[in-house]
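Novice: Sharing a structure here in structure tokens format.
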Amino acid sequence: MRIAATLTAAAVAAAVAVRVAHSRDRRFLHPDGRSFTGDLEIWGGLEPTGAALLDRPGRHPVTLRISKGIGTRPGRPDVLGVAVRVHGPVAGRRHDLLFSTAGRGRVLRHVPVLRSGFDTVYGSILPYRSGTGRTFHLAVQADPDGGPLGRTLESVVAAARHDNGRLLLALADGDAVEVVGRLRFGAALSDGQDAALAFDPVRNVTDDLHPTGLVHGSRAAAYRLSQRWRGARPAAPNPAAVARTNLHG
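Heads up, the sequence shown is in the UniProt record's numbering, so the first residue is 1 and it goes up one at a time.
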């Protein structure tokens with residue numbers, strides 16, 4: 001497994017290098033997207049996870065972005081993504097969570113998949129680790145009580161405009177999947193605000209909920225390189241968080 005993870009990390013790094021060579025003023029990962037204000041309502045699960053964000057019921061303001069990973073034409077299959085910046089629950093602390101379209105079940109949730117529409121399942125691909133040492137996957141998925149997000153970025157904007165843009169936040173542990181909260185899309189941000197956003201799922205985390213594994217560790221370098229390359233302001237250095245992510249691979 002460790003050899004496979006190392007090879008995967010090398011492949012990710014190679015893919016990043018190719019995209020860097022072909023981009024300058026825009027994201028080379030998930031270049032086409034729309035960003036929104038919003039909120040995250042947490043009601044928690046049946047058992048504590050060891051992460052304050054998931055265990056304490058409440059509502060938190062968020063900034064979220066929904067995107068196409070490769071940038072194919074509207075309605076065409078792509079690896080779709082959802083990025084969520086949670087402002088809290090600790091004042092002044094941000095927590096970035098990133099998801100990509102993935103399969104369902106214990107095995108397929110590790111695999112990014114192409115999807116044509118945004119009403120689907122987005123997974124963390126690799127696990128998160130809580131303050132108690134528990135590991136699990138996170139996912140967001142279409143909310144049956146919300147309106148359809150559709151097949152294009154503009155249809156997502158329309159759903160948000162009518163207060164119908166919603167996703168459920170779920171925790172997957174083995175074969176069990178438990179919904180622990182709901183994301184609601186708010187107002188769409190301007191193109192300039194979208195371009196300035198710089199998510200970092202490795203450095204913008206808390207000690208009690210952080211990603212694990214070498215692939216996540218490779219993302220730490222990839223996102224920082226991408227953000228500096230396109231002129232966005234990256235997250236503050238956090239070598240302890242990067243080391244912790246790689247250590248728990």
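Backbone N, C-alpha and C fix where the C-beta goes; we use that ideal spot for every residue, glycine too.
Which residue from H30, T37, F28 puts its Cα closest to that of R161?
Specialist: It is T37 whose Cα lies nearest to the Cα of R161.
Novice: Could you tell me whether the segment 155-170 touches the segment 181-190, using the rule of 3 or more Cβ pairs below 8 Å?
Specialist: Yes, the segment 155-170 touches the segment 181-190.
Novice: Identify, in the order they occur along the chain, each residue of the same chain with its Cβ nearer than 8 Å to the Cβ of L80, setting aside the five sequence neighbours on each side.
Specialist: Hits under 8 Å: I66, S67, K68, G69, S100, T101, R115, F118, T120, Y122.
Novice: I'd like the span of the alpha helix (DSSP H) that includes A52, first residue to last.
Specialist: Residues 52-55.
Novice: My output table needs one value for T245: the three-state DSSP class, helix, strand or coil.
Specialist: In the structure shown, T245 sits in a helix (DSSP, three-state: H, G or I).
Novice: Would you kindly work out how many angstroms separate the C-alpha atoms of P234 and Q227, rounded to a whole number?
Specialist: So the two alpha carbons sit approximately 6 Å from each other.
Novice: Taking DSSP as the reference, what is the three-state secondary structure of V79?
Specialist: Here V79 sits in coil by DSSP.
Novice: With DSSP run on the structure shown, which of helix, strand or coil describes R224?
Specialist: Helix at R224.
Novice: Taking buried to mean at least 16 other C-beta atoms within 10 Å of its own C-beta, is Q141 buried or exposed?
Specialist: Burial call: buried.
Novice: Alpha carbon to alpha carbon, how far is H137 from D96?
Specialist: For H137 and D96, the distance between alpha carbons rounds to 15 Å.
Novice: Report yes if the CB atom of R85 is closer than 7 Å to the CB atom of R73, and no otherwise.
Specialist: No, Cβ-Cβ distance for R85 and R73 is not below 7 Å.
Novice: Starting from the N-terminal side, write out each stretch of the alpha helix (DSSP H) that is 4 residues or longer and does not extend beyond the segment 153-219.
Specialist: The segment 153-219 contains these whole alpha helix (DSSP H) runs: 153-161, 191-196.
Novice: Should G75 be labelled buried (16 or more other beta-carbon atoms within 10 Å of its own) or exposed?
Specialist: Counting Cβ neighbours within 10 Å, G75 comes out exposed, since fewer than 16 surround it.
Novice: By how many angstroms is the C-alpha of V202 removed from the C-alpha of R34?
Specialist: If you take the alpha carbons of R34 and V202, they lie about 22 Å apart.
Novice: Give me the Cβ distance between V180 and L169, rounded to the nearest whole Å; I'm assuming they're in contact under 8 Å.
Specialist: Going by Cβ atoms, the distance from V180 to L169 rounds to 6 Å, so yes, they are a contact pair.
Novice: Mind reading off the beta-carbon distance from Y128 to P239? Whole number of angstroms is fine, and I expect it under 8 Å.
Specialist: About 20 Å separates the two Cβ atoms, so there is no contact after all.
Novice: When burial is assigned at 16 or more other CB atoms within 10 Å of the CB, is R27 buried or exposed?
Specialist: Burial call: buried.
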